[in-house]
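Have a look at the structure below, then the notes.
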Amino acid sequence: MRVAVAVFPGSNCEHDVVRALGTLGAEPELVWHRETDLEGFDGVVLPGGFAHGDALRTGAIAALSPIMEPVRRMAESGKPVLGICNGFQILCEAGMLPGALIANRDLAFICRFVEVEVVDTGTVLTAAAEPGQMLRIPLNSYEGNWVDPARTGRVVVRYADDPNGSQDRAAAVANEAGNVVGIMPHPERASDPLLGSDDGLVLLEGFVRSLRASVPA
Amino acid sequence: MKVRVTIDRRSEIADPEGHTVMRALHDLGFEDVQEVRMNRVIDLEIAGDDPGEVRRRVVEMCEKLLANPVLEDFEVEILG
Chain S
1 MRVAVAVFPG
11 SNCEHDVVRA
21 LGTLGAEPEL
31 VWHRETDLEG
41 FDGVVLPGGF
51 AHGDALRTGA
61 IAALSPIMEP
71 VRRMAESGKP
81 VLGICNGFQI
91 LCEAGMLPGA
101 LIANRDLAFI
111 CRFVEVEVVD
121 TGTVLTAAAE
131 PGQMLRIPLN
141 SYEGNWVDPA
151 RTGRVVVRYA
161 DDPNGSQDRA
171 AAVANEAGNV
181 VGIMPHPERA
191 SDPLLGSDDG
201 LVLLEGFVRS
211 LRASVPA
Chain G
1001 MKVRVTIDRR
1011 SEIADPEGHT
1021 VMRALHDLGF
1031 EDVQEVRMNR
1041 VIDLEIAGDD
1051 PGEVRRRVVE
1061 MCEKLLANPV
1071 LEDFEVEILG
């Protein structure tokens, strides 16, 4: 179960993701964003951070990085692709998830635990969760306000309250097939009781389960 | 050639920053302000002297990077 954790200039959550996935039995490896070949990986995570300093629009420059071509091919072949926070923004900018992320409604950088509800368990992120399961996970973003004018997005996790104005209170969104998911709060920052919550583990467990399912026989 | 690209967020998409600026203008006594949109202007200097060809290239740049088709419309103006 090799999983690539992409590193862009300005990523800052890659080590947290590697640690959390490692404790769940996956084999995560950091991969620089100039890489053009992800052969042999069973899935990929785009971690949080501020890739390219958020120049132009969050995720816009990173969406054109060389690594995004093999990421796109993995997505098309049905392998699990997860974007967390800035990774979610990158997937939207790359056109791999519907919609876009704009500034929070109240122009505040939100940095606190939020309650979220799993509303769709048919995706690589939510495969181990129960429908309606409530989770307490940190939200750390300025541009977490998801807008989807075409209304084609599949909302898989919802905020219990409405912290940032996100359409349909979406905290996580999937493509139609459910193998590409973007989530704005950070499950890897809620992966150990020492961090204040381990509620994110059930999401990462679902992702690891999906990785296992995508390992070639 | 000098080219100016204007990128406007579509009117149906919220502009939280514009809304905050509008409220500040109201606080200053400019209560007649009904909307503020924080649109973006990008000035480019492009090698080439064929305005049609330069425009075509800049439109392609907007489609590939400078504008987000989910949120924004753009206009390309050749300044000379």
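Protein chains in written order, with my numbering: chain S, 1 to 217; chain G, 1001 to 1080. Yeah, the Cβ is synthetic: ideal placement off N, Cα and C, and Gly gets one too.
Exercise. Could one say the Cβ of Leu-1025 (chain G) lies closer than 8 Å to chain S's Cβ atoms, at least one of them?
Worked result: So, not an interface residue.
Exercise. According to the neighbour-count rule (16 or more other Cβ atoms, all chains shown, within 10 Å of its Cβ), is Lys-79 (chain S) buried or exposed?
Worked result: For Lys-79 (chain S), the number of other beta carbons within 10 angstroms of its own is at least 16, and it is reported as buried.
Problem set entry | Secondary structure of Val-1033 (chain G), DSSP reduced to three states | DSSP places Val-1033 (chain G) in coil when its eight states are reduced to three.
For this session: Report yes or no: do three or more beta-carbon pairs, one from the segment 86-101 of chain S and one from the segment 193-206 of chain S, lie closer than 8 Å?
Result: At 8 Å Cβ cutoff, the stretches do not touch.
Problem set entry | Opening and closing residue of the beta strand (DSSP E) in which Val-118 (chain S) lies | Annotation: the continuous beta strand (DSSP E) that includes Val-118 (chain S) extends over 110-118.
For this session: Could you check which residue in S:Cys-92, S:His-33, S:Phe-88 has the C-alpha nearest to that of Phe-8 (chain S)?
Result: In this structure, S:His-33 is the residue among S:Cys-92, S:His-33, S:Phe-88 with its C-alpha nearest to the C-alpha of Phe-8 (chain S).
For this session: May I have the straight-line CA-CA distance separating Leu-30 (chain S) from Ser-65 (chain S), to the nearest angstrom?
Result: CA-to-CA, the gap between Leu-30 (chain S) and Ser-65 (chain S) works out to about 15 Å.
Problem set entry | Lys-1064 (chain G) - partner residues in DSSP beta bridges | For Lys-1064 (chain G), which the question treats as bridged, DSSP gives no partner whatsoever.
Exercise. Given a threshold of 16 other Cβ atoms within 10 Å of its Cβ, counted over all protein chains shown, does Glu-176 (chain S) qualify as buried or as exposed?
Worked result: Around the beta carbon of Glu-176 (chain S), fewer than 16 other beta carbons lie within 10 angstroms, which makes this residue exposed.
Exercise. How about Ala-1014 (chain G): is its C-beta nearer than 8 Å to some C-beta of chain S?
Worked result: Output row for Ala-1014 (chain G): interface = yes.
Problem set entry | chain S contacts from the segment 1067-1079 of chain G (Cβ-Cβ distance under 7 Å) | Along the segment 1067-1079 of chain G, going in chain order, the ones with a CB nearer than 7 Å to a CB of chain S are Asn-1068, Val-1070, Leu-1071.
For this session: Identify the contact partners of Glu-1017 (chain G) in chain S, using a Cβ-Cβ distance below 8 Å as the criterion.
Result: Chain S residues near Glu-1017 (chain G): Ala-103, Leu-107.
Exercise. When the Cα atoms are used, what is the spatial distance from Pro-138 (chain S) to Glu-1012 (chain G)?
Worked result: Those two C-alpha atoms are separated by around 30 Å.
Exercise. Closest by CA to Thr-58 (chain S), which one among S:Val-71, S:Gly-10, S:Leu-195, S:Glu-188?
Worked result: Nearest C-alpha to Thr-58 (chain S): S:Gly-10.
For this session: Quick one: using the 10 Å Cβ neighbour count with 16 as the cut-off for buried, is His-186 (chain S) buried or exposed?
Result: Buried: at least 16 other Cβ atoms inside 10 Å.
Exercise. Does DSSP put Met-1001 (chain G) in a helix, a strand or coil?
Worked result: Under the three-state reduction of DSSP, Met-1001 (chain G) is assigned to coil, being neither helix nor strand.
Exercise. Applying the criterion that 16 or more other CB atoms from any shown protein chain within 10 Å of the CB defines a buried residue, is Val-1070 (chain G) buried or exposed?
Worked result: Buried, since its Cβ has 16 or more Cβ neighbours within 10 Å.
Exercise. Taking the alpha carbon of Asp-1008 (chain G) as the point to measure from, which residue in G:Thr-1020, G:Asp-1027, G:Met-1001, G:Met-1038 has its own alpha carbon closest?
Worked result: A check of alpha carbon separations from Asp-1008 (chain G) across G:Thr-1020, G:Asp-1027, G:Met-1001, G:Met-1038 identifies G:Met-1038 as the nearest.
Exercise. How big is the Cα-Cα spacing for Thr-1020 (chain G) and Asn-140 (chain S)?
Worked result: Taking the straight line from one Cα to the other gives about 21 Å.
For this session: Give, in chain order, every residue of the segment 1045-1065 of chain G whose Cβ lies closer than 7 Å to some Cβ of chain S.
Result: Hits within the stretch, in order: Leu-1065.
Exercise. Among S:Ile-61, S:Met-96, S:Val-17, which one has its Cα closest to the Cα of Gly-178 (chain S)?
Worked result: Ranking S:Ile-61, S:Met-96, S:Val-17 by Cα distance to Gly-178 (chain S) puts S:Met-96 first.
For this session: Following the continuous beta strand (DSSP E) through Ala-293 (chain S), name the residue where it begins and the one where it ends.
Result: The structure shown does not extend to residue 293 (chain S), since chain S spans only 1 to 217, so no value can be given for it.
For this session: Quick one: list the residues of chain G neighbouring Pro-149 (chain S), beta-carbon separation under 9 Å, in chain order.
Result: Simply Arg-1010, Glu-1012, Ile-1013, Val-1070, Leu-1071.
Problem set entry | Beta-carbon proximity of Val-1003 (chain G) to Val-1059 (chain G), cut-off 8 Å | Not in contact: Val-1003 (chain G) and Val-1059 (chain G) (Cβ atoms no closer than 8 Å).
Exercise. The ligand PLP heavy atoms versus the CB of Leu-204 (chain S): any closer than 7 Å?
Worked result: As presented, the structure is devoid of all ligands, the ligand PLP included, so that no description of it is given.
Problem set entry | Completely contained alpha helix (DSSP H) runs for the segment 71-139 of chain S, where each covers 4 or more residues | Qualifying alpha helix (DSSP H) stretches, in chain order: 86-93.
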